[in-house]
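See structure below.
Residue numbers (the numbering used here), protein chains in the order written: chain A, 48 to 579; chain B, 48 to 579.
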């Protein structure tokens, strides 16, 4: 007879990307964005999705109306609101009414813990605040599952522990099923979080409630603080995807889910599901929020499993798992070997391997020298792998250009009043074999016109170029200290529906940098087909 | 008689931005960059500055030659290298020779802890590796202070604790003054770091050595892990400014210094100096590394003390300190009140206050409506405060344009072979009062030409515009999912030597977006002078 394993403690994940996350600088979601994100969160099995603050704006009201049409599986949508106003019955309070009108299976009520905030911000007495918490909770608990978020709990507890516990007891008496301790200012340390979580549980020992933790990252400790609270007995973690949120952000649920699932064998998250869609979810939220990816983000960043140092890359080829804290496939990410002047021969060889060139030492030296020369101009081949493929072909004499640029020119200027567009036109002259092609195209802006003109001029010779479309276009000022005269690095991501590829161009002129990246994109597609 | 306070334990800060940091994706430092950063690190009082790996490249050799000419105060420059090769005497090993040739007051030697890596990567026996550590250390300790970095210490200890301790003992017998435990793969949890740090100290109790900690952020726990090791007895923390480094980066020394100094009263860092230059140091390193600032970076990010939510801003005006975990001035940062559709009236009022408009409710409504309208087009006024100033003036009828745009046009194209420039020309027609001004300018790229042309055309009417220069130019594709036809947001930072200001322009055409931001920059300057 074998001993049965200790059962894992389930930890609920509560996502507030759509409410607290939208407080982040530069973040604003449309209604459709919010619906799309909510559905994705349900798909990966997140238990609670906070959709918004229905009292605060019409967009959130519309969200709660529309989300009811979607199948959210076991995921509970939550509406967020504050305790009732000081001198008003709960049933008359506009915030309470808005919460009930949202018709969600769950409501999240936030209330004040910190005595100073009660008297100075709310202008209420300490007892009035307890009534506001208890009565608001009792009113809402008749309609839905109730989560109570104790704002400033850790600061409030340090200031007046007795009163802080009283606020939690008022919420529990009101019918809250969950008491969530918020480190609203993000200033606490893990040992403080653990100690105060334990104190809160002791103070509520006579109630049948569960505890949650809500951390902000102001001390760069949000993940550690949340895990410390879980180890002290919390069974719900509130946060946002990618840690977006006000100031330094909320805790990143990506890191919470991955750490709890992959590193803490005592706990279970997302019902034990696979995490292979975490990377995709992270990037989907960045794209929807129009935020740049955080390349070095733990677990899901593009660089999270990228290896650059020559010594490491050499060893990784021998024993990958001992150079990576987890298998990147577990979270849907992948290993990348980067090209760089620091990387030395073993990196170049790892990439050149697929070209069957790795045994040619002389060629490897030439490639390395070319990489260094271009890096000094501002090139970075790390995400421009198609341009790097072409570089290897060029250096090894295997590059056969499919066309020759004779000239290109763009004209652009102010808004054409009649058509209400700021005009941009490109004129392109190319040579394919002995044939000259001359064409022109209009576009939204000069780069769009160049792209259209280049492919239009080549369509006669290479009709398959109509399959290409640009999916991303990035501009980086390489030396931003010297203003508009600085070097410009353009990265383009293209797709033909089957594959996506990245190319790069660098120049002191954005038009020329864009042209180089566009030409590489087209050449990559044509070489790919010639090889296939 | 009062009890004297417990003396604080000094914690040494060891910076490896110039070596481990330069392994980060997208990071490459020139020799001059490295010298500039090293001098800054010495200025703020960092004890150890690792300059590079002299065996690996010529740039690092040159760094050690040149840094000797600078006054580094009490800061010790360190050269980094690996243990000697397997079958070679330390004094004959090229790496050892390169370290001695660097003539630094301190050398950092890295060696293998993990038995698997010894046999599979080094292809040495376990005893050979101990000899390599001990003999390399003994050789170097004759020349300089010796720090021993135990690579993969935590993974190695978990695999074979006895052998891991033996490697540290070999280094201590070799004369290492510091034994630094490295979580090379970044996969450990704080409780593991604390426990293994204590085990290492116990295993070396008979040696007079100090311990250090070197963490990577792969689990988003690098700060917590480093602090846990300090609480377990480590007295040196290795990391990089802004946490730059391979994969997810090294631990961010900014957060380490701020947390130890401001939140952990038992410890002293940087000899107790003020931290008011931390924010400037962080930004200096980003600029030098040509990396984008991490806006939500704890302590020093632009958003770290930025308040957007209307409820918060209302309360912050009452009691700032209870909404911020530290006073931003302590780390040289500042509070910012953001303009946003979410922020509501109290944010707009806080900013409009300086215009003495806050009492005009009707006007406040109009400003808010205009902000929402423009935000829907892709504007963000958060860092474009000069454009927001002009917006308030426009809505309140106080904006008097200093000129009228009649037309602008740019022509740009391929490289002029004769002069080796990709040409760009701007033609500008403006009206000032009743006078028409028509001018043209060349530039490096279309935006540079537009900027030159605009100011050239206005110089006759407003000679003071010659004081302006652009210090930064940023392009953001607002909806990157649709390629080059997406909306383009241009942010420009301008200066007249006395003040710097940010302006913004949005359009589907980069030329038009740039024009709008340039026009706002010039109008802001002219309005400022008219008011002054």
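Note that the Cβ used here is the ideal one computed from N, Cα and C, for glycine as well.
Output yes or no for whether 8 Å exceeds the beta carbon distance between residue 442(B) and residue 424(B).
For residue 442(B) and residue 424(B), no; Cβs fall outside 8 Å.
Looking only at C-alpha atoms, which of 182(B), 183(B), 161(B) sits nearest to residue 173(B)?
Checked all of 182(B), 183(B), 161(B); the closest Cα to residue 173(B) is 161(B).
Please report how far the alpha carbon of residue 58(A) lies from the alpha carbon of residue 264(A), in whole angstroms.
Approximately 20 Å between the Cα atoms of the pair.
So, with DSSP's three-state summary, where would you put residue 164(B)?
In the structure shown, residue 164(B) sits in a helix (DSSP, three-state: H, G or I).
Can you pull the chain B neighbours of residue 348(A), defined as C-beta to C-beta under 7 Å?
Those within 7 Å of residue 348(A) in chain B are 295.
In the DSSP assignment, find the unbroken beta strand (DSSP E) run with residue 517(A) in it and report its ends.
Element bounds for residue 517(A): 516-524.
Using only the alpha-carbon positions, how far apart do residue 560(A) and residue 506(A) sit?
Computed Cα separation, rounded: 22 Å.
Could you work out which residue in 142(B), 95(B), 114(B), 375(B) is closest to residue 350(B) when comparing CA atoms only?
When each option's Cα is compared against that of residue 350(B), the closest is 375(B).
By the 10 Å Cβ neighbour count, where 16 or more other Cβ atoms means buried, how is residue 81(A) classified, buried or exposed?
Classification of residue 81(A): buried, given that the 10 Å Cβ count is 16 or more.
What residues from chain A crowd round residue 454(B), counting only those whose CB sits closer than 8 Å?
460, 461, listed in chain order.
Short of 9 Å Cβ to Cβ, which residues in the segment 158-169 of chain B face chain A?
The residues in question are 161, 163, 164, 167, 168.
Taking DSSP's pairing of strands, which residues face residue 454(A) in a bridge?
DSSP, once it has assigned bridges, lists 476(A) as partnering residue 454(A).
Once DSSP output is grouped into helix, strand and coil, what is the label at residue 285(A)?
Strand.
For residue 182(B) and residue 193(B), what's the separation of their Cα atoms in angstroms?
Each residue's Cα considered, the two are about 13 Å apart.
Determine, for residue 219(B), whether the minimum Cβ-Cβ distance to residues of chain A falls below 8 Å.
Not an interface residue.
What residue from 116(A), 63(A), 346(A) has the CA that sits closest to residue 96(A)'s CA?
Of 116(A), 63(A), 346(A), the residue nearest in Cα terms is 63(A).
List the residues of chain A that residue 270(B) touches, going by C-beta distances under 8 Å, in chain order.
Near residue 270(B) (Cβ distances below 8 Å), the residues of chain A are 266, 267, 268, 271.
Would you call residue 141(A) buried or exposed, if buried means 16 or more other Cβ atoms sit within 10 Å of its Cβ?
Looking at its Cβ environment, which holds fewer than 16 other Cβ atoms inside 10 Å, residue 141(A) is exposed.
Exposed or buried, residue 344(A), counting other C-beta atoms within 10 Å across all chains shown (16 or more means buried)?
With 16 or more Cβ atoms within 10 Å of its Cβ, residue 344(A) is classed as buried.
Which residues in the same chain as residue 119(B) place their Cβ atom closer than 7 Å to its Cβ, once the five residues preceding and following it in sequence are excluded?
89, listed in sequence order.
To the nearest whole angstrom, what separates the beta carbons of residue 496(B) and residue 472(B), a pair I think is in contact under 8 Å?
Between residue 472(B) and residue 496(B) the Cβ distance is about 6 Å, and since that is below 8 Å, they are a contact.
If we cut at 8 Å on Cβ distances, does residue 261(A) have a partner in chain B?
By this cut-off, residue 261(A) is not an interface position.
Going by the beta-carbon positions, is the gap between residue 273(A) and residue 228(A) smaller than 8 Å?
Cβ distance not < 8 Å, so residue 273(A) and residue 228(A) don't count as in contact.
Roughly how many angstroms lie between the CA atoms of residue 186(A) and residue 159(A), to the nearest whole one?
Roughly 18 Å separates the two Cα atoms.
Does the CB of residue 520(A) have a neighbour CB from chain B at under 8 Å?
Taking Cβ atoms only, chain B reaches closer than 8 Å to residue 520(A), which makes this a yes.
Roughly how far, in whole angstroms, is the beta-carbon of residue 370(B) from the beta-carbon of residue 232(A), given that I think they are within contact range, below 8 Å?
The pair is a contact, with the Cβ atoms about 6 Å apart (cut-off 8 Å).
Exposed or buried, which one is residue 321(A) when buried takes at least 16 other CB atoms within 10 Å?
Residue 321(A) should be labelled exposed.
Cβ atoms of residue 477(A) and residue 571(A): under 8 Å apart, would you say?
The answer is no: Cβ separation not under 8 Å.
Using 8 Å as the Cβ pair cut-off and three pairs as the minimum, do the segment 67-82 of chain A and the segment 304-318 of chain A touch?
No, they do not touch.
How many whole angstroms separate the CB atoms of residue 219(A) and residue 279(A), which I take to be in contact at a CB cut-off of 8 Å?
That belief does not hold up - the Cβ atoms of residue 219(A) and residue 279(A) are roughly 18 Å apart, past 8 Å.
Kindly list, in the order they appear in chain B, the residues whose Cβ is closer than 7 Å to that of residue 372(A).
By Cβ distance, chain B contributes 232, 233, 234, 265, 266.
Between which two residues does the alpha helix (DSSP H) carrying residue 119(A) extend?
Careful: residue 119(A) lies outside any alpha helix (DSSP H) and carries neither H nor E.
Looking at the structure shown, is residue 333(A) part of a helix, part of a strand, or coil, going by DSSP?
Residue 333(A): helix per DSSP, three-state reduction.
Along the chain, which unbroken stretches of the beta strand (DSSP E) at least 3 residues long are found entirely within the segment 78-114 of chain B?
As far as the segment 78-114 of chain B is concerned, its whole beta strand (DSSP E) runs of at least 3 residues are 95-99.
Whole angstroms are fine: how far does the CA of residue 153(B) sit from the CA of residue 522(A)?
Roughly 42 Å between the two C-alpha positions.
Which residue or residues does DSSP assign as beta-bridge partners of residue 537(B)?
For residue 537(B), which the question treats as bridged, DSSP gives the partners 522(B), 552(B).
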